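Quick note: the sequence shown uses the working numbering, first residue 151, plus one each step. No residue lacks a Cβ here, since even glycine has one placed at the ideal position from N, Cα and C. Note that the structure is predicted; figures quoted are calculated from it, not measured.
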Amino acid sequence: MTGVALNEAQLSHLEDMNMEYKRALEKSEKEVDSLNEKLKNLTENSSSMDMLASEMKKLRDENSLHLAHIVELEKEKLQLENKYANQNMGQEKSSWDGRILHLKCNPLDNANAKHLEAFKKLQEENDHLKKRIKVLEEEGAAATDVTMKVQQKLANEGADSTLKSLKEQLAAAERQQRFILENARIKSTEFREAVYRLLGYRIDVPAAETYKFSHVYAESRDDYLLFQINSEGIQLIETEYSKQLGDRMELYLQQYDSFPAFLASLTMDLFS
């Protein structure tokens, strides 16, 4: 960035900052006028008058700081304008063709950062003053400890913001949970339908660790098997239907210890 471009950017930035400070000053002056009016209306309570007078003094001090910032910015602006004019005169006398230097630590960036930090601090102070004024407006003569009330108001607003954020997170978690449960239900239904159509058994879970097998070719709805499956293994629970399968159970379960062969033999028998 050339020196001329750098100065133009600085001037533009300073003008913007100057306008911001002036606007802040105007707002503070309006707040002082408002407090003056309130002070006139609270003649019956001397303690409140003293408190308001103290608040007005603080606001005037803040205004003085704003004004001092404006004066400093005006001086800096004037210096840059003079420097900018001198550089323009020098460029008119000579046409130097040199390389454009890109500074690793750009002075304008540093200045911008400092001004931005200062402005943010002023904004925070102004917000704090507005809270104090709001407390005075709401409490009037009953306001005894403005600082404490302002801190409570700020804390309450922070708590409200935190509560709102937590509610949003909870709502998002509930939506995600509903999505997971619905997706699990759909997948479970699809899986049970696939098993029913491919292997011929509809599987239901009437109780924990208990599975009910109903065959697609069963002659009656009462023809079903119950299995209990846990860490100890698989157990066939006796039903009216299983009582009719003694020979088959002895062959495939006791002799061969094969539940798949047992279920497959039922399929072949019912199919035929």
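If you draw a straight line from the Cα of Lys317 to the Cα of Glu359, it comes to about 37 Å. DSSP, read as helix, strand or coil, puts Arg342 in helix. In the structure shown, Tyr351 adopts extended strand secondary structure according to DSSP, grouped into three states. When C-alpha distances from Phe341 are compared across Leu331, Ile353 and Ile330, the shortest belongs to Ile353. Cβ-Cβ distances below 8 Å link Tyr367 to Gly350, Thr417, Leu420 and Phe421 in the same chain, with the five nearest sequence neighbours on each side left out; the list follows chain order.
DSSP, read as helix, strand or coil, puts Ala358 in coil. Inclusion of Met399 and Phe412 in the CB contact set at 8 Å is warranted, their separation being smaller than that value. Cβ neighbours of Tyr346 within its own chain (closer than 7 Å, five residues either side excluded): Arg352 and Val366. In this structure, the straight-line span from the alpha carbon of Arg371 to that of Asp397 is close to 22 Å.
Rounded to the nearest whole angstrom, the CA to CA distance from Tyr391 to Leu320 is 49 Å. About 14 Å separates the Cβ atoms of Leu386 and Leu401, ruling out a contact at the 8 Å cut-off. Relative to Gln378, the option among Glu369, Gln394 and Pro356 whose CA is nearest is Pro356. For Tyr402, the secondary structure class from DSSP, reduced to helix, strand or coil, is helix.
Closest in C-alpha terms to Ala414, from the list Ala322, Gly383 and Leu348, comes Leu348. In this structure, DSSP gives Ser408 a state outside helix and strand, which the three-state scheme calls coil. By the neighbour-count criterion, in which 16 or more other beta carbons inside 10 Å mark a residue as buried, Glu332 falls on the exposed side. In the same chain as Glu324, and ignoring 5 residues on each side of it, no C-beta atom comes closer than 8 Å to its own. Taking C-beta separations shorter than 6 Å and ignoring five residues to either side along the sequence, the partners of Asn380 in its chain run Glu359, following chain order. Around the beta carbon of Glu212, 16 or more other beta carbons sit within 10 angstroms, so the residue counts as buried.
If you draw a straight line from the Cα of Ser338 to the Cα of Lys393, it is about 31 Å long. Listed as beta-bridge partners of Asn380 by DSSP are Gly383. Here DSSP, grouped into helix, strand and coil, assigns Ser370 to coil. Our two residues, Leu375 and Arg335, have alpha carbons roughly 24 Å apart in a direct line.
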